[in-house]
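These notes are about the structure you will find just below.
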Amino acid sequence: MTRTTLVGTALAVLAAGAVLAGCGSNNDGGHDMGAMGGSSSAAPTSQQGDHNQADVTFAQQMIPHHAQALDMAKLVDSRTTNPKVVDLAGRIQKAQDPEIQRMTGWLTAWGATASMTGMSMPGMDHSTGAGMMSADEMRQLTAAKGADFDRQWLSLMVKHHQGAVAMANTELSGGANADAKKLAQQIIDGQQAEIKEMQTLLSQG
């Protein structure tokens, strides 16, 4: 084999090695880009689910529901001297007023409006559901005094709380927003305890 032939053969081997190295580099690069592309496309999915319609409905319905509970609680001081009823009414106001503000803030952030459905308005009846008082029940409660007021107020508030617990359970099963579901659980825990407390007071006459 001549010197010229040896040089040509060596150059051919070097060229082939360069081509193979280039292919290997391209394959590695293609894998990396594929992984990056996969990460990029997955990112928006992880950001979805901040809230859904169940969260909006929960806030829209719970706001007027809480508002009626506050209306009921505000009747207490001028109609009874029962310290246990007075104390319970105070706790209801302290808990539910900030919750209304919180839920209103969520609706604003979500581009939704607070619903007036279920508010203690003239002509309202139990078709509103969720333990809401009718206009007639509110009038009777407003006119009551002393032990009669206590009995009516406790009975109506038990039913009202039971409605709130049912609404909160619906949010837990269908909602997506972590803060809304956390509030729903707090409502369940707090109001179930108050239901037991009120049932005990009713049993004591």
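Mapping of the sequence shown onto mature numbering (1 follows the signal peptide of the UniProt record, and there is no 0): residues -21 to -1, 1 to 184, in sequence order.
We treat Cβ as the ideally placed atom computed from N, Cα and C, and that holds for glycine.
These numbers come from a predicted model, not from an experiment.
At a Cβ-Cβ threshold of 9 angstroms, His140 and Gln171 count as neighbours.
The C-beta distance from Gln72 to Val137 rounds to 17 angstroms, too long to fall under 8 angstroms, and the pair is not in contact.
Restricting attention to Val55, His30 and Lys160, the CA atom closest to the CA of Met117 is found in Val55. DSSP places Thr59 in the coil class of the three-state scheme, outside both helix and strand. In this structure, the straight-line span from the alpha carbon of Leu133 to that of Glu176 is close to 10 angstroms. Cβ atoms of Leu162 and Arg81 come within 8 angstroms of each other, at about 7 angstroms.
The residue among Ala145, Ser182, Asp129 and Met146 with its C-alpha nearest the C-alpha of Leu67 is Asp129. In terms of CA proximity to Ser113, Met51 leads the group Ile166, Asp76, Met51 and Asp168. No residue range can be given for Asp29, since it is assigned to no alpha helix (DSSP H) and is classified by DSSP as neither H nor E. For Ser182, the enclosing alpha helix (DSSP H) has its first and last residue at Ala157 to Ser182. Going by beta carbons, Gly108 and Ala143 fall outside the 9 angstroms limit.
Within the same chain, Ala38 and Ala93 come within 6 angstroms of Leu86 by CB-CB distance, once the 5 residues on both sides are set aside.
DSSP places Gly142 within a helical segment (H, G or I) once states are collapsed to three.
When the beta-carbon positions are compared, Ala147 and Ala33 stay at least 9 angstroms from each other.
When the alpha-carbon of Thr83 is set against those of Ala46, Gly153 and Leu180, the nearest one is in Ala46. The C-beta of Gly125 has fewer than 16 other C-beta atoms within 10 Å across all chains shown, which makes the residue exposed.
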